[in-house]
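So that you can map any letter, position 193 of the sequence shown is 1649 in the numbering used here, and since no number is skipped, the others follow by simple counting.
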Amino acid sequence: MQAKPWLQYYPEEVAPNYEYPNKNLGSFLVDSANKYPNQDALYFMGKTISYERLLDLSYRMANAFKELGIRKGDRVAIMLPNSPQAVIAFYGALLIGAVVVQTNPLYKEREISHQLSDAGAAAIVTLDQFYERVNKVKDQTQLKHMIITSIKDYLPFPKNVLYPIVAKKEGTAVKVVYGDGVHSFTKLIDNASNSPICEEIDAENDLALLQYTGGTTGTPKGVMLSHLNLIANTIQSAKWSYKAVEGKERYLAALPIFHVFGLTVVLNQAIYHAASLILIPKFEVNMILETIRKMRPTMFPGAPTMYIALINNPNITNYDLSSINACISGSAALPVEVQDRFEELTKGRLIEGYGLTEASPVTHANPIWGRRKIGTIGIPFPDTDAKIVDPETGEDVPIGEVGELIVKGPQVMKGYWNRKEETFNELRNGWLFTGDMAMMDEEGYFTIMDRKKDMIIASGYNIYPREIEEVLFEHPAIKEAVVAGVKDPYRGETVKAYIVLRDGEHVTAEELEKWCRERLAAYKIPRLYAFRESLPKTMVGKVLRRQLIEEEEAEIQKKKA
1457 MQAKPWLQYY PEEVAPNYEY PNKNLGSFLV DSANKYPNQD ALYFMGKTIS YERLLDLSYR
1517 MANAFKELGI RKGDRVAIML PNSPQAVIAF YGALLIGAVV VQTNPLYKER EISHQLSDAG
1577 AAAIVTLDQF YERVNKVKDQ TQLKHMIITS IKDYLPFPKN VLYPIVAKKE GTAVKVVYGD
1637 GVHSFTKLID NASNSPICEE IDAENDLALL QYTGGTTGTP KGVMLSHLNL IANTIQSAKW
1697 SYKAVEGKER YLAALPIFHV FGLTVVLNQA IYHAASLILI PKFEVNMILE TIRKMRPTMF
1757 PGAPTMYIAL INNPNITNYD LSSINACISG SAALPVEVQD RFEELTKGRL IEGYGLTEAS
1817 PVTHANPIWG RRKIGTIGIP FPDTDAKIVD PETGEDVPIG EVGELIVKGP QVMKGYWNRK
1877 EETFNELRNG WLFTGDMAMM DEEGYFTIMD RKKDMIIASG YNIYPREIEE VLFEHPAIKE
1937 AVVAGVKDPY RGETVKAYIV LRDGEHVTAE ELEKWCRERL AAYKIPRLYA FRESLPKTMV
1997 GKVLRRQLIE EEEAEIQKKK A
């Protein structure tokens, strides 16, 4: 059998290899703005920003960062929903050679504190409504600057005038104390120079992004992604969508760009294609449908939960979705019935792909307009190698047998930030050991069978059981706790906590939910609780998480019977 059997299934428009420029990732914006200055770059809640204006704002942001003393290699955290400010801050940081640290706006104080401290972030750009959360932990970090913006700053008239009135009425208005390292985003931009700046970098070695991911230890790790990693994955995914026309596409940005999937296949790919980016700050089905009706997006990368929500909306047949030509679904398995129904509604193509933060993130996808195999993650991207090995020995396993998926390519990370041991464990001779159990068929199509790691993927979010378990263990009534992902028809998986209480103690599921809500982002909070006398364990006392999941599945089958 040939070494890379999947190459024969590449569409003739897709080459097996590409050149990846040795330049600043921010140059994608510079290039597109120079070619298409008057093209709409961003659309946000009724306001449009041209490529020329976006570049001007990004230059101003870059110069403002420099005025604050931020230099090449310094870390800049961005804690924003999809908004013009998120895009401006991202490219502003890249243009001076700073390293972006994307921070989930749902994070609570302890999560923010850990991430900013670990990254050594010098500055953070965030919303006024998150100001208090960040300010509370500022002293536990190396933050010198907080740059505060508001959603109203880039809303069109009259929404920008009405927003503060509504916020005051709803009790969500926030008073920000400026000065002493706290700055207004709009004032910084207005007062900054717009002189062009694009720091020369060594694309292969200089970092563009520290993207945090959890691990089996439960402690989030900073994945070091270079300019080359992100440039390569942007070009690989753009070439995969070979029917996209430069300067003509409209990307629906419903995936959050603080996630690496949204960052690469939505933001970076759209800017590379000089496309219009339709920014959605929060996924809400009716808003998405109205946006599709009004803006006629052509590309809609997403997660299965998004497509499930749309096809199950009772008003779906009242909407024309035919503008959508292509969607790549990632972050969880895509049910075949969802794929079929969505394609029937749009007449476009919805294909499943695969990736992980450590690979910028995409490594595999089914051909969009070529041979695809339902239930598989497709074939490796250009310049990407993949194989299945024995997880213990690292030896190749025969075709059709299950082993660990390992990948190699220009999109694979430099390693984990300040974690040499973990880097050594997962990166060997350029091969990234994914921790996912998979198999490859004779034609080179890959199928994910199970995860070696215990990660839960709910609504596209990666959730690491250990982190939730640690929060539960802090509760005085709890003796033992284990968290597992159980199947959920909407979220893909949902979080279930199995609890053993201390003798004589009593606590309700509602009390535990409140306990978790104060300490964890909403998507990590267990939705289900089971109180047990004991937990199944191995001889050495390790909890058999898999057994709990199997018991859960057996119970579901029993109810169906």
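Glycine is no exception: its CB is placed at the ideal position from the N, C-alpha and C atoms. As the structure is a computational prediction, the values presented were derived from the model and not from experiment.
Using the three-state DSSP reduction, which class does residue i fall into: helix, strand or coil?
i                  : result
phenylalanine 1739 : coil
histidine 2031     : Nothing about residue 2031 can be reported from this structure: the residues present for the chain run from 1457 to 2017 only.
histidine 1931     : coil
leucine 1481       : coil
isoleucine 2005    : helix
asparagine 1918    : strand
threonine 1504     : strand
valine 1589        : Checking the sequence shown, residue 1589 turns out to be arginine, not valine. Correct three-state label for arginine 1589: helix.
histidine 1570     : helix
isoleucine 1892    : Note on residue identity: the sequence assigns aspartate, not isoleucine, to residue 1892. Strand, per DSSP.
leucine 1513       : helix
aspartate 1897     : coil
phenylalanine 1521 : helix
leucine 1618       : helix
isoleucine 1912    : strand
leucine 1599       : coil
valine 1996        : Caution is warranted here: a pLDDT of 45 is assigned to valine 1996, below 50, making its placement in the model unreliable, and no coordinate value can be reported.
glutamate 1923     : helix
tyrosine 1610      : helix
Bridge partners of residue i, per DSSP?
i                  : result
threonine 1605     : Leu1583
arginine 1988      : DSSP lists no partner for arginine 1988.
phenylalanine 1546 : Phenylalanine 1546 is not bridged to any residue.
glutamine 1558     : Ile1534, Gln1667
alanine 1782       : Met1755, Arg1805
tryptophan 1887    : Arg1884
arginine 1706      : Ser1732
proline 1836       : His1820
isoleucine 1862    : Lys1843, Phe1889
tyrosine 1954      : Val1938, Ala1986
glycine 1871       : Met1680
glycine 1856       : Paired residue(s): none; glycine 1856 is not in a bridge.
Output the distance between the C-alpha atoms of residue i and residue j, rounded to the nearest integer angstrom.
i               : j               : result
alanine 1965    : isoleucine 1924 : 15 Å
isoleucine 1934 : alanine 1953    : 12 Å
valine 1486     : leucine 1511    : 7 Å
serine 1682     : valine 1818     : 15 Å
leucine 1644    : glutamate 1746  : 34 Å
glycine 1948    : proline 1757    : 17 Å
lysine 2015     : methionine 1755 : 41 Å
isoleucine 1862 : glycine 1960    : 48 Å
histidine 1715  : valine 1557     : 11 Å
isoleucine 1780 : glutamine 1725  : 16 Å
lysine 1993     : glutamine 2003  : 9 Å
threonine 1559  : alanine 1664    : 15 Å
lysine 1503     : aspartate 1944  : 37 Å
lysine 1695     : arginine 1749   : 27 Å
valine 1638     : proline 1836    : 45 Å
leucine 1441    : asparagine 1480 : In the structure as shown, the chain begins at 1457 and stops at 2017. Residue 1441 is therefore absent and cannot be evaluated.
lysine 1615     : threonine 1605  : 16 Å
glutamate 1967  : isoleucine 1568 : 24 Å
threonine 1673  : proline 1760    : Reliability fails at threonine 1673, whose pLDDT of 43 lies under 50, so the model's placement of it is uncertain and no value is given.
lysine 1829     : valine 1963     : 48 Å
Contact check, residue i vs residue j under 8 Å by CB: the rounded distance?
i               : j               : result
proline 1753    : leucine 1801    : Actually they do not touch by this definition, with Cβ atoms about 14 Å apart.
lysine 1980     : valine 1951     : 7 Å
asparagine 1579 : valine 1532     : The sequence given here places alanine at residue 1579; asparagine does not occur at that position. Right, the Cβ-Cβ distance comes to about 5 Å (below 8 Å), so this counts as a contact.
alanine 1520    : alanine 1730    : Not a contact, Cβ separation roughly 25 Å.
isoleucine 1955 : alanine 1986    : 7 Å
arginine 1706   : isoleucine 1736 : Contact flag wrong, Cβ pair sits at about 13 Å.
arginine 2001   : aspartate 1910  : 6 Å
tyrosine 1872   : glycine 1678    : 6 Å
methionine 1751 : tyrosine 1499   : 6 Å
serine 2020     : asparagine 1689 : Here the chain comprises residues numbered 1457 to 2017, so residue 2020 is not present and cannot be evaluated.
isoleucine 1904 : alanine 1914    : At roughly 16 Å, the Cβ-Cβ gap does not stay under 8 Å, so isoleucine 1904 and alanine 1914 are not in contact.
Compare the C-beta of residue i with all C-beta atoms of chain D and state if any pair is closer than 9 Å.
i               : result
methionine 1896 : The chain labelled as chain D is not found in the depicted structure, where only one protein chain is given.
Q | 4-residue-minimum alpha helix (DSSP H) runs that sit fully inside the segment 1642-1701, ordered along the chain | A | 1683-1696
Q: Output the residue ranges of the beta strand (DSSP E) runs that lie fully inside the segment 1717-1773 and measure 3 residues or longer, sorted by chain position.
A: 1732-1735
Q: Please list the segments of the alpha helix (DSSP H) lying wholly inside the segment 1786-1817, counting only runs of 4 or more residues, in order along the chain.
A: The DSSP assignment places complete alpha helix (DSSP H) segments of no fewer than 4 residues inside the segment 1786-1817 at 1792-1802, in order along the chain.
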